[in-house]
Ligand code: SF4
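In this note's numbering, the protein residues as written are 21 to 743.
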């Protein structure tokens, strides 16, 4: 009801209140929130997403202050301190200009030996050398420092800098305005009121500025909303802000003992709430340097319309653990934007398109046009197909392919919400614990290694007393056939209460062949030995589809459950939706013929480029296309290959995968599947999941023996019409 009221307000152009914004932070479904924020953004900015060609230059890290969250600053004489000469800065600026930069962004520490004239000279020299480049420099904190040292007013300092060539202020130093937080994290810095007053002065002098908010440390949602309220009030008064930039906290080397990155779901929520609450801001930035390229791309679907720029050299957030790299090329930026379904537009610092021909992309889109972006026919058939998925009705591969090709991400999440499939904040995220065993050795050493692995694993699951482990025998890379039943039996004798999973369907075929048995006979032997589940391995892609389903089909009478894999592959510039549709249809068909499917693992092909937006859409569609009782797993190792800059040396996502895990929950993932107790630091993982609002629960198939079969059988009844 509350969401409906807020939606009505937003759609009718009525301003939402602080209480509304707090409610959205705490209660809104992420998909629904993103959809609303996306509509508002389309109404303001059309399909365009801005980026610019810029370079950061941080003149010095030597600083008179000691903000507790700052990993960048050094005291005079301290190792690692630096202070650029103006000539050095000119060289860096020259390189940037050569590469097409239209903006230089300069912020740094408060150097105790630099007087105001030094700053004026710096700006003046840069402006004289490169008059066409916009100089965006100095936070309210630096301006206050200059004014105090020069015994001038802030207005006098600003005017001198402007006369020397400064163009605008970047908006740093805002952190969180509320004194409850500010007094703890940066009590020696200008107060929240002073920050606001400094920007009011700038705007009244005709100098525009940006504004920021550092979130994800000790503040709560109310502090964030209070921060945005003060910015919204000043924007009402002056209209002088260009853009709002939420800055995700980077957790290294701070004095607050925080060692956790912000979660992707929180990043996306913050962007969306900002878009809805800051109704007098045209631009909301998805700052890739701090979000990481993966979440930054997703944020373009949650209300952001600016990705920032090429950056080149950024020292402040990287000192604090920023892992997103320091440079993106024009191609990288444009590719990220295009593959999120938007149109890249290069902008100036003050948010005009650099190229006149881009003006058309900036045309706001009306509500009625947003609703009808597709032709009525297409929209109708898409709605029909989504409805068919929601209802579990017959869907052909070509129908699935059509939905995947045509449905925007938000249509899919809308259908997901309508089907009550999206995993709400606070809902249980199911875990399992894996002990990975190398089964290429003979049974004696194998058993000894298994005992050792169990001792290690159990020390990682102490918090869950009585939990039975799932033991995964990883036979995916088996070089020669081996009597698998002996290994399963040995495992059973070492740990009778555990569930036993065999990873690798190909190994079962190889075993059957080497023993001269039928596949069914091998599987019956394996079941007798204690095998519970067969998990498809990524290496099983070398098997033909019919061989794979031969193994899975024979598992059914032996009462062994299976975990098939859906692998999202890429074509040149898009996911291979056709193969995905075939895989999903195959699983739907097997479910309808009583296959014991314990879960479906959703992965990205190892060497393919799949963008985060595409991954989340495919995940949500997979969730929709399968009955709600089938768990969709997003294995951690699968998510780490979502690297939007793949091909440029970034083979893995740069930030911890928990950033993506928390977002994937909103798109239908209920489980991380089998998580290695020893390799993935289970306790930390569970802590992170709890901190992200999920309730991790350790689970293994045998613990649920009684409900296991009935749960699997209920999969079948939820497919009302078999394809
Ligand atoms: S945040 Fe800025 S003012 Fe504070 S210590 Fe770091 S460099 Fe200095």
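Glycine included, every Cβ here is placed at the ideal spot set by N, Cα and C.
What you are looking at is a predicted structure, and each value in this text was computed from that prediction instead of being measured.
Near residue i, which residues of its chain fall below 7 Å by C-beta distance, leaving aside the five closest residues on each side in sequence?
{"i": "residue 66", "result": "381, 382, 383, 384, 385"}
{"i": "residue 445", "result": "Summary for residue 445: the model assigns pLDDT 43, below 50, so the residue's position carries little reliability; its value from the coordinates is reported in the next sentence. Excluding positions up to five away in sequence, the list reads 713."}
{"i": "residue 551", "result": "508, 520, 522, 580"}
{"i": "residue 225", "result": "175, 178, 179"}
{"i": "residue 389", "result": "none"}
{"i": "residue 742", "result": "Reliability fails at residue 742, whose pLDDT of 30 lies under 50, so the model's placement of it is uncertain and the value that follows must be treated cautiously. Only 612 meet the Cβ criterion."}
{"i": "residue 87", "result": "205, 206, 209"}
{"i": "residue 324", "result": "291, 304, 305, 306"}
{"i": "residue 374", "result": "122, 366, 367, 368"}
{"i": "residue 287", "result": "268, 311, 315, 319"}
Just to confirm my understanding: we take residue i, look at its own chain, exclude 5 residues before and 5 after, and list those with CB closer than 8 Å. What are they?
{"i": "residue 43", "result": "22, 26"}
{"i": "residue 35", "result": "29, 299"}
{"i": "residue 532", "result": "538, 539, 541, 542"}
{"i": "residue 100", "result": "81, 94"}
{"i": "residue 436", "result": "51, 442, 640, 643, 644, 687, 688"}
{"i": "residue 633", "result": "317, 318, 320, 321, 359, 360, 361, 429"}
{"i": "residue 229", "result": "188, 189, 190, 191, 219, 222, 223, 260, 261, 262"}
{"i": "residue 39", "result": "none"}
{"i": "residue 20", "result": "Residue 20 is absent from the model: the chain starts at 21 and stops at 743."}
{"i": "residue 202", "result": "195, 196, 209, 211, 212"}
I believe residue i touches residue j by the beta-carbon criterion, under 8 Å. Please report the beta-carbon distance rounded to the nearest angstrom.
{"i": "residue 189", "j": "residue 238", "result": "No, residue 189 and residue 238 are not in contact; Cβ-Cβ is about 26 Å, not under 8 Å."}
{"i": "residue 251", "j": "residue 264", "result": "7 Å"}
{"i": "residue 218", "j": "residue 163", "result": "6 Å"}
{"i": "residue 71", "j": "residue 366", "result": "6 Å"}
{"i": "residue 174", "j": "residue 142", "result": "That belief does not hold up - the Cβ atoms of residue 174 and residue 142 are roughly 18 Å apart, past 8 Å."}
{"i": "residue 156", "j": "residue 187", "result": "6 Å"}
{"i": "residue 314", "j": "residue 56", "result": "Not confirmed; about 23 Å, so no contact."}
{"i": "residue 692", "j": "residue 656", "result": "6 Å"}
{"i": "residue 584", "j": "residue 607", "result": "6 Å"}
{"i": "residue 570", "j": "residue 511", "result": "Contact flag wrong, Cβ pair sits at about 25 Å."}
{"i": "residue 334", "j": "residue 76", "result": "5 Å"}
{"i": "residue 600", "j": "residue 638", "result": "6 Å"}
{"i": "residue 387", "j": "residue 63", "result": "7 Å"}
{"i": "residue 161", "j": "residue 193", "result": "4 Å"}
{"i": "residue 526", "j": "residue 554", "result": "Their Cβ separation, rounded to whole angstroms, is 11 Å, which puts residue 526 and residue 554 out of contact at 8 Å."}
Going by DSSP, which residues form a beta bridge with residue i?
{"i": "residue 188", "result": "156"}
{"i": "residue 72", "result": "329"}
{"i": "residue 261", "result": "229"}
{"i": "residue 238", "result": "Paired residue(s): none; residue 238 is not in a bridge."}
{"i": "residue 653", "result": "621, 691"}
{"i": "residue 123", "result": "74, 154"}
{"i": "residue 490", "result": "454, 519"}
{"i": "residue 293", "result": "Answer is none; residue 293 lacks a bridge partner."}
{"i": "residue 133", "result": "According to DSSP, residue 133 bridges with nothing at all."}
{"i": "residue 554", "result": "522, 582"}
{"i": "residue 80", "result": "103"}
{"i": "residue 303", "result": "263"}
{"i": "residue 477", "result": "BP columns for residue 477 are empty, so no partner."}
{"i": "residue 169", "result": "Paired residues: none, contrary to the question."}
{"i": "residue 696", "result": "454"}
{"i": "residue 112", "result": "None, per the DSSP bridge assignment."}
{"i": "residue 268", "result": "235"}
{"i": "residue 94", "result": "82"}
Using beta carbons (cut-off 8 Å, strictly below), is residue i in contact with chain B?
{"i": "residue 322", "result": "Among the chains of the structure shown, chain B does not appear; only one protein chain is present."}
What residues in its chain sit with their C-beta under 6 Å from that of residue i, if we drop five residues either side in the sequence?
{"i": "residue 473", "result": "455"}
{"i": "residue 482", "result": "Residue placement at residue 482 cannot be trusted, given a pLDDT of 44 that sits under 50; what the coordinates show is reported in the next sentence. The answer is none, since no qualifying residue turns up."}
{"i": "residue 284", "result": "315, 679, 680, 682, 683"}
{"i": "residue 423", "result": "405"}
{"i": "residue 575", "result": "543, 554, 582"}
Complete alpha helix (DSSP H) runs within the stretch 39 to 67 (minimum length 4 residues, chain order): 50 to 65
At which residue ranges does the stretch 584 to 632 contain complete alpha helix (DSSP H) runs of 4 or more residues, listed in the order of the chain? 597 to 612
Where in the stretch 346 to 373 do unbroken runs of the alpha helix (DSSP H), each at least 4 residues long, occur, reported from the N-terminal end onward? 350 to 358
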